[in-house]
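**Student:** Dropping the structure in here first, questions after.
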Amino acid sequence: MNKLMDVLIIGGGPAGLSAAMSLGRIGRTALVCDDARPRNEASEHLNNFPTQDGIHPATWRKEARRDLEKYKTIQFFSGSVASVEKHTNFFRARLSSGEVKDFRKVILAYGIQDRLPAIPGLKELWGKAVFHCPYCHGFEVRNHKLGLVGNGKFLAHGIPMFSALSKDVVVFTNGPADFPEELKLQMKKNNIEIVEKKIKKLLFEGTRLQGLEFEDGTAKERDALFATPLLPFQMKSDIGQSLGCEKNDMGLYQVNEMKQTSVPGVFAAGDNMTMMQSVLQAAASGSMAGAGAVFELVNEDFLKGNSYEI
Numbered sequence: 039m040n041k042l043m044d045v046l047i048i049g050g051g052p053a054g055l056s057a058a059m060s061l062g063r064i065g066r067t068a069l070v071c072d073d074a075r076p077r078n079e080a081s082e083h084l085n086n087f088p089t090q091d092g093i094h095p096a097t098w099r100k101e102a103r104r105d106l107e108k109y110k111t112i113q114f115f116s117g118s119v120a121s122v123e124k125h126t127n128f129f130r131a132r133l134s135s136g137e138v139k140d141f142r143k144v145i146l147a148y149g150i151q152d153r154l155p156a157i158p159g160l161k162e163l164w165g166k167a168v169f170h171c172p173y174c175h176g177f178e179v180r181n182h183k184l185g186l187v188g189n190g191k192f193l194a195h196g197i198p199m200f201s202a203l204s205k206d207v208v209v210f211t212n213g214p215a216d217f218p219e220e221l222k223l224q225m226k227k228n229n230i231e232i233v234e235k236k237i238k239k240l241l242f243e244g245t246r247l248q249g250l251e252f253e254d255g256t257a258k259e260r261d262a263l264f265a266t267p268l269l270p271f272q273m274k275s276d277i278g279q280s281l282g283c284e285k286n287d288m289g290l291y292q293v294n295e296m297k298q299t300s301v302p303g304v305f306a307a308g309d310n311m312t313m314m315q316s317v318l319q320a321a322a323s324g325s326m327a328g329a330g331a332v333f334e335l336v337n338e339d340f341l342k343g344n345s346y347e348i
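Dropping the structure here:
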């Protein structure tokens, strides 16, 4: 018999695991579905997380799941969610195993899929010498020869932060720079070089970046790169889209303070709903999404006169 569970959590990363803890602590039943595609799989450490600074991402996830073992209402499924259909009073999910299960609420915690410019070497060095977040990896490469690969408003927004990490920063626009002249002048005052040449490939040995080679045959030495993502962001799953969850101009789910999406009963947490993308931020939003789901569940049960033992 398909027993109705409280919450389906799609994604077993920081957001999903933190949501599960919020649910477990109030005795709610939840199934965490994890298809083992963490965004930070290529990284050797996660940072900017008090008490966990520098831990390997896989170790963090293992320890988080161990913390959840005492919450007997939390279950795990190793696989993906093929589809979710909204019915009048519940959501019906079909798992990659073929199983069909019903839930009262859904938390979308599957994150985003990084899309990078088609430059040979970027993918190979992703998480090793090419990064996306100065908070996550900037400290380890401070005072090195840094490069920023990107263009437009998104890159321009982060230039002051990267200039605080090193006095040797070069911006590679991979074509004509799409910056206001005022910003170009300010960058020049801060000794930030702009290279508008088309990038042919990255030069590297093993996981060590040596530099960038351009289509005109010239090269520029660099120790590490930060690359801005291609927009709009690409989700790891289309479940939210199929349910009708609204997105913003960046391609991220629109949520309220409790991480409720535009679809009643559906919450979103982690990198799929904010530009502040880090493990700590994902965990915090997951905790809030779990609390949001709990709030709705307990109030629904209270009105029906139902009570549960934890």
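In terms of this note's numbering, the sequence shown opens at residue 39 and continues consecutively.
Idealized CB from N, CA, C, for every residue including glycine.
Count the other CB atoms, across all protein chains shown, that sit within 10 Å of the CB of M313; report buried if there are 16 or more and exposed otherwise.
**Tutor:** Residue numbering aside, residue 313 sits at position 275 when the sequence shown is read from its first letter. By the neighbour-count rule (16 or more Cβ atoms within 10 Å), M313 is not buried but exposed.
**Student:** Starting from the Cα of L154, find the closest Cα among L223, S201, V168 and give me that residue.
**Tutor:** For this step, residue 154 is matched to residue 116 along the sequence shown. Of L223, S201, V168, the residue nearest in Cα terms is V168.
**Student:** Mind reading off the beta-carbon distance from L269 to F200? Whole number of angstroms is fine, and I expect it under 8 Å.
**Tutor:** On the sequence shown, position 231 is the one that residue 269 refers to. On the sequence shown, position 162 is the one that residue 200 refers to. Going by Cβ atoms, the distance from L269 to F200 rounds to 19 Å, so no, they are not a contact pair.
**Student:** Do L240 and P158 count as a contact pair if the criterion is CB distance below 8 Å?
**Tutor:** Residue mapping note: residue 158 aligns to position 120 of the sequence shown, counting from 1. Residue mapping note: residue 240 aligns to position 202 of the sequence shown, counting from 1. Against a cut-off of 8 Å, the Cβ pair of L240 and P158 comes out as a contact.
**Student:** Pick helix, strand or coil for A80, following the three-state DSSP scheme.
**Tutor:** Stepping through the sequence shown from its first residue, residue 80 is reached at position 42. The answer is coil: DSSP assigns A80 none of H, G, I, E or B.
**Student:** Hey, would you say A265 sits closer than 8 Å to G188, going by beta carbons?
**Tutor:** In the sequence shown, residue 265 corresponds to position 227, counting from 1. In the sequence shown, residue 188 corresponds to position 150, counting from 1. The answer is yes: Cβ separation under 8 Å.
**Student:** Where S259 and L250 are concerned, what is the direct C-alpha to C-alpha distance, given to the nearest angstrom?
**Tutor:** As a first step, residue 259 is located in the sequence shown; it is residue number 221 there, counting from the start. As a first step, residue 250 is located in the sequence shown; it is residue number 212 there, counting from the start. The sequence given here places Glu at residue 259; Ser does not occur at that position. Taking the straight line from one Cα to the other gives about 6 Å.
**Student:** Rounded to the nearest angstrom, what separates N127 and R142 at their Cα positions?
**Tutor:** Here residue 127 corresponds to residue number 89 of the sequence shown, with the count starting at 1. Here residue 142 corresponds to residue number 104 of the sequence shown, with the count starting at 1. Looking at the two C-alpha atoms, the distance is approximately 7 Å.
**Student:** What span of residues does the alpha helix (DSSP H) with Q224 cover, start to end?
**Tutor:** As a first step, residue 224 must be located in the sequence shown, where it is residue number 186. It spans 219–227 - the alpha helix (DSSP H) in which Q224 sits, taken as one unbroken run.
**Student:** Taking 8 Å as the threshold (C-beta atoms), are I150 and M4 in contact?
**Tutor:** In the structure as shown, the chain starts at 39 and stops at 348, and residue 4 therefore has no counterpart that could be examined.
**Student:** Just mark M288 as buried or exposed, buried being the case when its beta carbon has 16 or more other beta carbons within 10 Å.
**Tutor:** Mapped onto the sequence shown, residue 288 falls at position 250. Under this definition M288 is an exposed residue.
**Student:** Taking M43 as part of the beta strand (DSSP E), name the residues at either end of that continuous run.
**Tutor:** Position 5 of the sequence shown holds residue 43. Unbroken beta strand (DSSP E) run through M43: 43–48.
**Student:** If I'm right that N85 touches C174 with Cβ under 8 Å, what's the distance once you round it to whole angstroms?
**Tutor:** The residue you call residue 85 lines up with position 47 of the sequence shown. The residue you call residue 174 lines up with position 136 of the sequence shown. Contact holds; Cβ gap of about 6 Å.
**Student:** Kindly indicate which three-state DSSP category A68 falls into: helix, strand or coil?
**Tutor:** Indexing the sequence shown from 1 puts residue 68 at position 30. A68 falls in the strand class under three-state DSSP.
**Student:** When you compare only the Cα positions, how much space is there between L203 and V179?
**Tutor:** Taking the first residue of the sequence shown as position 1, residue 203 is located at position 165. Taking the first residue of the sequence shown as position 1, residue 179 is located at position 141. About 8 Å.
**Student:** Taking N212 as the reference, which of I232, P218, M225 has the closest Cα?
**Tutor:** Start at 1 with the first residue of the sequence shown, and residue 212 comes out as number 174. The shortest C-alpha separation from N212 is found at I232.
**Student:** Under the three-state reduction of DSSP, which class applies to E253: helix, strand or coil?
**Tutor:** Mapped onto the sequence shown, residue 253 falls at position 215. It is coil, neither helix nor strand.
**Student:** Got a sec, what are the start and stop residues for the beta strand (DSSP E) L133 sits in?
**Tutor:** To locate residue 133, count along the sequence shown from 1; it is residue 95. Here the beta strand (DSSP E) through L133 covers 129–133.
**Student:** Taking only the alpha-carbon atoms, compute the straight-line gap between L106 and K226 and give it to the nearest angstrom.
**Tutor:** Against the sequence shown, residue 106 aligns to sequence position 68. Against the sequence shown, residue 226 aligns to sequence position 188. One C-alpha to the other measures close to 51 Å.
**Student:** Could you please give the first and the last residue of the uninterrupted alpha helix (DSSP H) stretch that includes G92?
**Tutor:** For the purposes of this step, residue 92 is identified with residue 54 of the sequence shown, where counting begins at 1. From DSSP, G92 is part of no alpha helix (DSSP H); its letter is neither H nor E.
**Student:** Does the structure place the segment 314–329 close enough to the segment 127–140 that three or more beta carbon pairs sit under 8 Å?
**Tutor:** The count of Cβ pairs closer than 8 Å, one atom from the segment 127–140 and one from the segment 314–329, stays below three, leaving the stretches out of contact.
**Student:** Over what stretch of residues does the beta strand (DSSP E) that includes V207 continue unbroken?
**Tutor:** Taking the first residue of the sequence shown as 1, we reach residue 207 at position 169. Where V207 is concerned, the enclosing beta strand (DSSP E) stretches over 207–210.
**Student:** Counting only runs of 4+ residues fully inside the segment 103–182, write out the alpha helix (DSSP H) ranges in chain order.
**Tutor:** 160–163, 172–175
**Student:** By a C-beta neighbour count over all protein chains shown, 10 Å radius and 16 as the cutoff for buried, is S275 buried or exposed?
**Tutor:** Position 237 of the sequence shown, counted from the start, is the residue given in the question as residue 275. S275 is buried by the Cβ-count criterion.
**Student:** By the three-class DSSP mapping on this structure, what secondary structure does F87 have?
**Tutor:** Against the sequence shown, residue 87 aligns to sequence position 49. DSSP places F87 in coil when its eight states are reduced to three.
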